[in-house]
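Engineer: Got a structure for you, questions after.
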Amino acid sequence: MNDTAPKEPTATDDTLGMDFIRTRITADMAARGAHVHTRFPPEPNGYLHLGHAKSICLNFGLAKEFQGQCNLRFDDTNPEKEDTEYVDSIREDVHWLGGDWEGREFYASDYFEKLYQFAEQLIRSGHAYVDSLSADEIRAYRGTLKEAGRESPYRARSVEENLDLFRRMRAGEFKDGEHVLRAKIDMSAANVVMRDPTLYRIRHAPHHRTGDTWCVYPMYDFTHCLSDSLEGITHSLCTLEFINNRELYDWILNALDVYHPQQIEFARLNLTYTVLSKRKLIQLVEGNYVHGWDDPRMPTLCGLRRRGVPAEALRDFCTRIGIARADSTVDYSLLEFCIREYLNAHTPRVMSVLNPVKVVITNYPEGQVDTFDMPYHPEDPAYGSRKVPFSRELYIEQDDFRLEAPKKYHRLAPGAEVRLRYAYYITCQDVVKAADGSISEIHCTYDPETRGGSSPDGRKVKGTIHWVSAAHALPVEVRLYDHLFAVENPNATGAGKTFLDYLNPDSLRSITAQAEPAVADCKTGDRVQFERVGYFIKDADSHPNHTVFNRTATLKDTWAKVEKRNL
RNA sequence: UGGGGUGUAGCCAAGUAGGUAAGGCAACUGGUUUUGGUCCAGUCAUCCGAGGGUUCAAAUCCUUCCACCCCAGCCA
Numbered sequence: 001m002n003d004t005a006p007k008e009p010t011a012t013d014d015t016l017g018m019d020f021i022r023t024r025i026t027a028d029m030a031a032r033g034a035h036v037h038t039r040f041p042p043e044p045n046g047y048l049h050l051g052h053a054k055s056i057c058l059n060f061g062l063a064k065e066f067q068g069q070c071n072l073r074f075d076d077t078n079p080e081k082e083d084t085e086y087v088d089s090i091r092e093d094v095h096w097l098g099g100d101w102e103g104r105e106f107y108a109s110d111y112f113e114k115l116y117q118f119a120e121q122l123i124r125s126g127h128a129y130v131d132s133l134s135a136d137e138i139r140a141y142r143g144t145l146k147e148a149g150r151e152s153p154y155r156a157r158s159v160e161e162n163l164d165l166f167r168r169m170r171a172g173e174f175k176d177g178e179h180v181l182r183a184k185i186d187m188s189a190a191n192v193v194m195r196d197p198t199l200y201r202i203r204h205a206p207h208h209r210t211g212d213t214w215c216v217y218p219m220y221d222f223t224h225c226l227s228d229s230l231e232g233i234t235h236s237l238c239t240l241e242f243i244n245n246r247e248l249y250d251w252i253l254n255a256l257d258v259y260h261p262q263q264i265e266f267a268r269l270n271l272t273y274t275v276l277s278k279r280k281l282i283q284l285v286e287g288n289y290v291h292g293w294d295d296p297r298m299p300t301l302c303g304l305r306r307r308g309v310p311a312e313a314l315r316d317f318c319t320r321i322g323i324a325r326a327d328s329t330v331d332y333s334l335l336e337f338c339i340r341e342y343l344n345a346h347t348p349r350v351m352s353v354l355n356p357v358k359v360v361i362t363n364y365p366e367g368q369v370d371t372f373d374m375p376y377h378p379e380d381p382a383y384g385s386r387k388v389p390f391s392r393e394l395y396i397e398q399d400d401f402r403l404e405a406p407k408k409y410h411r412l413a414p415g416a417e418v419r420l421r422y423a424y425y426i427t428c429q430d431v432v433k434a435a436d437g438s439i440s441e442i443h444c445t446y447d448p449e450t451r452g453g454s455s456p457d458g459r460k461v462k463g464t465i466h467w468v469s470a471a472h473a474l475p476v477e478v479r480l481y482d483h484l485f486a487v488e489n490p491n492a493t494g495a496g497k498t499f500l501d502y503l504n505p506d507s508l509r510s511i512t513a514q515a516e517p518a519v520a521d522c523k524t525g526d527r528v529q530f531e532r533v534g535y536f537i538k539d540a541d542s543h544p545n546h547t548v549f550n551r552t553a554t555l556k557d558t559w560a561k562v563e564k565r566n567l
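See below:
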């Protein structure tokens, strides 16, 4: 069995454009016809986030592409941090993202007895010993990065004594920390991981699955390679920080002479304007900087789901970011692109005015109501249409009117004509101001000849704006989300600051919008595009008489960019 | 000289048995358009962290140097 990963295989015509992992798997399959069996191995001590999405898409994606399998395995070897609450959420999130483990749901804790037997085997072959140094002493004996460590005085214990001690550890004869089981490797190894790593520790704590059956628990390094081996994993993919652990992964499997999977490391995901570390996400939740793990601003899968991000968009994102070994920070704009790309093709359009200002059509009869049939999707007739009422008083977006139009502005302004989407051309004749100087009403006339939004004389209007009939409008709460952090890299802390100092104070703004009546038909979880505004999803906070929408993403706004540039 | 990993455009990322820099996002130009959305066409690295060398030819080979990341949990 190979101890270390083979040299990167050279690319062939078959592997052109593939990432290094797919290239390697392709080579492995050509060489030994091996099937592919991967696993996604989260520790159930927190909620899954975008970083996990990368791993899920990689592991399950590989299995699908190479006609193999991917297991879901909970790495639950630390009873004090883990809980079933997390396994439930992880199961849900993986499934939502499209990962199908086909019933192969495993737990490291299922292997506790086997792992224990492997540990005894290691003791018998002289590869492991019980150490009775304290944690502090062990640390001191380990040496430093530049200086070799020293051997523990207990390192030379006989096999019999080690076996006896280890069995008594299991039997509960000792308190936490009294002894540990260590691999007997090399205290002067340059790779610190190899300086007699701890394999088992005593922990008198109930485990969320095994209860109080055990009081000794195996460490990650001992558990992971053997779990992979027991499950017949072919390619064990993990993030780069585990690369130093690979030597130990290989050492244990060799020492036990069991089936030997290959560990392959890739760079973890970083995204601008957010944080992707479990530790920081916990702080955000526990410090009440957000409203829980599924706050739509969180980069957690449940947060993104509630935000309205489709699983398809996330999968697309994961394939677009690629897999490599270089540290990288992906632009948030790529995620937004993936979201818009999917939503543009899959979301019905509807009109809603976020910041309303009243328009009165002075030449439109009072009390009259006209009804327009509008397509739900301009490019896809399959979405059908809905009826939209039109009347004398409307709401339009404050942004769509200027007393003084800047150049290139082709929306409503005194004397200007615009098209009300799918309805009529209107021309602004007058503006009524309130006592404080703000605009209270815009008076317009409409051209009856332009019903439907085009004129028989063929004259063109540059602007088309959305609108809602005031009398028929449905008030809805709209939650506008923005980046959680105000800076691209909140992790780059300096001068006594923490990432919390970079929180964006405007990451959530709640407003009341006026929506067209058809919006009342939306059910929780339904996605819509508010035309010219963005994509939204109806939130679970909605009640029968109170509708809440979360903004998933804005539409691209070229005009805003142009106007900003001209300032 | 602890060990390991990585450096290709603003951000990702192919290309590495040497043959003259894919693709995507962003940005920018123009066209279409009853969403300033979408869509379409186009522009965007004389250069691959830096220097030196080998060669007819180097991002790819050799060499020196620089920068960044990871490792001293009885966490994973």
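Read in order, the letters of the first sequence are residues 1 to 567 in my numbering.
Think of the CB as a built atom: it goes at the ideal place given N, C-alpha and C, for glycine as much as any other residue.
All values derive from a computational prediction rather than experimental measurement.
Excluding sequence positions up to five away, which residues of its chain have a Cβ less than 6 Å from the Cβ of residue 321?
Structural biologist: 330.
Engineer: For residue 314 and residue 68, what's the separation of their Cα atoms in angstroms?
Structural biologist: About 22 Å.
Engineer: As a quick exercise: from 247, 144, 110 and 132, pick the residue whose alpha carbon is nearest that of residue 202.
Structural biologist: Ranking 247, 144, 110 and 132 by Cα distance to residue 202 puts 132 first.
Engineer: Going by C-alpha to C-alpha distance, which of 71, 342, 391 and 127 sits closest to residue 253?
Structural biologist: Comparing Cα-Cα distances from residue 253 to each of 71, 342, 391 and 127, the minimum goes to 127.
Engineer: Using CA atoms only, rank isn't needed, just tell me which of 156, 159, 140 and 158 is closest to residue 150.
Structural biologist: Closest option to residue 150, Cα to Cα, is 140.
Engineer: Mapping the DSSP letters down to three states, classify residue 368 as helix, strand or coil.
Structural biologist: Coil.
Engineer: Say yes only if the C-beta of residue 230 is nearer than 8 Å to one or more non-hydrogen atoms of the ligand NAD, and no if none qualify.
Structural biologist: No copy of the ligand NAD occurs in the structure displayed, which carries no ligand at all.
Engineer: Bridge partners of residue 534, per DSSP?
Structural biologist: DSSP lists 530 and 554 as partners of residue 534.
Engineer: Between which two residues does the beta strand (DSSP E) holding residue 116 run?
Structural biologist: No beta strand (DSSP E) holds residue 116; the alpha helix (DSSP H) holding it covers 112-124.
Engineer: Tell me whether residue 161 sits in a helix, a strand or coil according to DSSP, three-state version.
Structural biologist: Note: residue 161 maps to helix in three-state DSSP.
Engineer: Tell me the residue span of the alpha helix (DSSP H) that contains residue 65.
Structural biologist: Here the alpha helix (DSSP H) through residue 65 covers 50-65.
Engineer: What does DSSP give as the partner residues of residue 22 in its beta bridges?
Structural biologist: For residue 22, which the question treats as bridged, DSSP gives no partner whatsoever.
Engineer: What does DSSP give as the partner residues of residue 239 in its beta bridges?
Structural biologist: 266, per the DSSP bridge assignment.
Engineer: Where does the unbroken alpha helix (DSSP H) through residue 285 begin, and where does it stop?
Structural biologist: Unbroken alpha helix (DSSP H) run through residue 285: 278-286.
Engineer: Could you give the DSSP three-state label for residue 217: helix, strand or coil?
Structural biologist: Residue 217 falls in the strand class under three-state DSSP.
Engineer: Alpha carbon to alpha carbon, what distance is there between residue 475 and residue 440?
Structural biologist: Approximately 19 Å between the Cα atoms of the pair.
Engineer: Is residue 484 closer than 9 Å to residue 510 when the C-beta atoms are compared?
Structural biologist: Against a cut-off of 9 Å, the Cβ pair of residue 484 and residue 510 comes out as no contact.
Engineer: Who does residue 361 pair with in a DSSP beta bridge?
Structural biologist: 444, per the DSSP bridge assignment.
Engineer: With DSSP run on the structure shown, which of helix, strand or coil describes residue 102?
Structural biologist: Three-state result, residue 102: coil.
Engineer: Residues in the same chain with beta-carbon distance under 7 Å from residue 507, minus the five sequence neighbours each way, listed in chain order, please.
Structural biologist: Result list for residue 507: 297, 481, 482, 483 and 484, in chain order.
Engineer: DSSP state of residue 604, grouped into three classes?
Structural biologist: For the chain, the structure presents residues 1 to 567; residue 604 sits outside this window and is missing.
Engineer: Given that a residue counts as buried once 16 or more other Cβ atoms are within 10 Å of its Cβ, and exposed if not, what is residue 514?
Structural biologist: Classification for residue 514: buried.
Engineer: Is there contact between the stretch 517-535 and the stretch 385-393, where contact requires at least three CB pairs shorter than 8 Å?
Structural biologist: Cβ pair count under 8 Å is three or more, so yes.
Engineer: So, under 8 Å CB-CB, residue 170 and residue 109 are touching, yes? Tell me the CB distance rounded to an integer number of Å.
Structural biologist: No, residue 170 and residue 109 are not in contact; Cβ-Cβ is about 15 Å, not under 8 Å.
Engineer: Compare the beta carbon distance of residue 393 and residue 471 with 9 Å and say whether it is the shorter of the two.
Structural biologist: Going by C-beta atoms, residue 393 is nearer than 9 Å to residue 471.
Engineer: In terms of alpha-carbon separation, which member of 353, 356, 281 and 526 lies closest to residue 499?
Structural biologist: It is 281 whose Cα lies nearest to the Cα of residue 499.
Engineer: Please state whether the Cβ-Cβ distance between residue 247 and residue 194 is less than 9 Å.
Structural biologist: The answer is yes: Cβ separation under 9 Å.
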